[in-house]
Structures are given as structure tokens and as C-alpha cells.
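Q: Below you will find the structure I want to go over with you.
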Amino acid sequence: MDTLIGPVPDDWQTRQLGECCDVQPGPSGTTLSSSAYVIGGVPVVKAGDIGPEGILSSVSVDEETAKRLRPRYELCSGDIVFVRIGRTTRHATVTERQERWLLGGSCIRIRAKQDISAEYIACYLTHPAVQEWLAEHTQRGVLPTLNGRKIRAMPLVLPPTAVQLSITEVARAIDTKIRAHKDVIQATQALRGLLIPQILAGNPVLTEASVSRDA
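The number in the numbering used here is simply the position in the sequence shown, starting from 1, with 10 added.
Here it is as C-alpha cells:
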């Protein structure tokens with residue numbers, strides 16, 4: 011069977027994302043304005059908070075505002091948050107750390123229905139063909155925009171549940187290796203920062219073997 015991501019086994023399905031997930035755009039500017047932001051309140055996720063390392067938060071709202079925005083704009087572990095305004099191919103998965111944070115106006119939340127693996131959908135969204143689809147369906151302008159209607163209509167290729175789980179296990183193992191390699195790189199960079207001043211100050215040059223051992 012031919013699909014957005016290429017040929018797949020005949021027992022796989024193709025559906026629209028909106029059939030399998032709840033797609034919720036963030037609040038409008040009248041519902042949540044920048045004047046509502048406070049220091050030390052409930053975190054709100056904006057487009058700029060979504061990156062390769064996951065989800066951060068740069069702004070917050072008070073409890074009264076948060077209560078008004080819940081449950082419609084509340085985030086739960088496993089939700090996928092998309093950039094709606096800006097770099098619309100970016101997304102990240104909500105972890106337990108971000109449980110009960112709030113969705114910002116420049117984002118869209120995707121919440122998988124019970125019979126669908128949220129991890130599989132997050133993996134599917136990284137496929138080059140899917141990334142290209144998102145880019146093609148982004149409205150061009152001063153600020154590129156991707157609306158909820160387009161996201162709901164996105165073709166979603168669904169393998170059987172057991173295959174979904176196998177795919178996510180492999181993806182999780184790869185992600186673990188990536189994180190481990192990043193840790194090694196950071197540790198080696200830190201070691202270099204310590205050694206270079208000593209070397210340039212005329213201290214004895216360490217051998218390559220000792221540097222490798224220390225790293």
C-alpha cells in the first residue's frame with residue numbers, strides 16, 4: 011500500500027490525524043494575553059520553548075488564570091505540542107515534569123486516543139515525508155502559521171498495535187544512545203576547557219592515552 015511515507019504492508023491503515031487524536035490549538039490573544047504573565051506561577055508553553063531537548067517554559071500565569079484555562083488548555087504526560095506559529099515542523103512530547111502546564115497561543119496540542127500509541131505518533135512526526143508535508147501546509151507570511159484544521163487532515167499511517175510498540179522501542183533505544191553520546195561530548199568539551207589553559211601556561215603536556223582515560 012502506498013502512503014505519505016511510502017509503501018507499507020497491506021494490513022496497515024491510513025487515517026487522518028484528527029480521527030485518532032484530539033487536536034487543540036492554543037488560546038487566542040483575547041483568552042490569554044501577555045499581560046497575564048507573572049513570575050513563579052503555572053508555566054505556559056510557547057513556540058520558543060519547544061526544541062531538540064524537549065519542552066521548557068519562559069512564562070507563567072497565576073493560579074486564577076490557570077484555573078480559567080483548564081482543562082481545555084492543560085497539558086498531560088504523553089501529549090505532543092506542536093509549534094503553530096514560527097518553525098512549524100518542531101514538536102516535543104510532554105513529560106511528567108510538564109504535567110498540568112498550560113498550552114500557549116503559539117502552539118497546538120495533540121492528544122492520542124486510547125487505542126493509539128502517543129510514542130508512535132511522536133516518532134511518525136519525525137519522518138522526513140511528514141516533516142515535508144507540514145512545511146508544505148504551513149501558511150506563508152511574516153510569521154509562518156499552521157492551523158488546527160490542517161493538522162487534523164494530516165495523513166497518519168497506522169500499523170497494528172504490536173508493530174507500533176516495536177517501532178517505539180527501537181526509537182527509544184536510539185534516543186537513549188543519542189543522549190549518552192551527547193553526555194560524552196559535553197564531558198569531553200569540559201575536559202578540554204580545563205586542560206587548554208594548563209597546556210598554554212607551560213604545564214606538562216598530557217599524553218593522548220591519559221586524556222582518553224580521564225574523559
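We put the CB at the ideal spot given by N, CA and C, even for glycine. No experiment lies behind these values; they were computed from the predicted model shown.
Residues in the same chain with beta-carbon distance under 8 Å from D20, minus the five sequence neighbours each way, listed in chain order, please.
A: Closer than 8 Å at the Cβ level, and outside the excluded window around D20, lie M11.
Q: Given I161, which residues of its chain have a CB within under 8 Å of its CB, disregarding the five upstream and five downstream residues?
A: Only L27, G28, V33, F92, I118, I120 meet the Cβ criterion.
Q: Any idea which residues DSSP pairs C117 with across the strands?
A: V93, per the DSSP bridge assignment.
Q: Start and end of the alpha helix (DSSP H) containing V55?
A: It is not in any alpha helix (DSSP H) - V55 instead sits in the beta strand (DSSP E) that spans 52-55.
Q: For S70, list the residues DSSP reports as bridge partners.
A: Paired residue(s): V48, P53.
Q: Straight-line CA distance for A128 to P35?
A: One C-alpha to the other measures close to 18 Å.
Q: Could you tell me the boundaries of the beta strand (DSSP E) in which D10 lies?
A: Residue coverage of the chain in this structure runs from 11 to 225, which leaves residue 10 outside it and unanswerable.
Q: Is the CB-CB distance between L112 and L79 below 8 Å?
A: In this structure, L79 lies closer than 8 Å to L112 by Cβ.
Q: Given V48, which residues of its chain have a CB within under 7 Å of its CB, disregarding the five upstream and five downstream residues?
A: Excluding positions up to five away in sequence, the list reads S70, V71, D72.
Q: Confirm, please, whether the CB-CB distance from V104 to L135 is below 8 Å.
A: Their beta carbons are not under 8 Å apart, which means L135 does not touch V104 by this criterion.
Q: Are the CB atoms of A122 and T75 nearer to each other than 8 Å?
A: Cβ atoms of A122 and T75: not closer than 8 Å.
Q: In terms of DSSP beta bridges, what is G61 paired with?
A: DSSP, once it has assigned bridges, lists G64 as partnering G61.
Q: Rounded to the nearest angstrom, what separates I60 and H147 at their Cα positions?
A: I60 and H147: Cα-Cα distance of roughly 20 Å.
Q: Say yes only if the C-beta of G151 is nearer than 7 Å to one or more non-hydrogen atoms of the ligand GDP, and no if none qualify.
A: Ligands in the displayed structure: none, and consequently the ligand GDP is not present.
Q: Closest to L144 by C-alpha separation, out of R182, T99, S176, E179, would be which residue?
A: The shortest C-alpha separation from L144 is found at T99.
Q: Given a cut-off of 8 Å, decide if A183 and C133 are closer than it, judged by their beta-carbon atoms.
A: No.
Q: Tell me, which residues are paired with H101 by DSSP?
A: H101 pairs with F92.
Q: In this structure, does DSSP put A122 in helix, strand or coil?
A: Correct three-state label for A122: strand.
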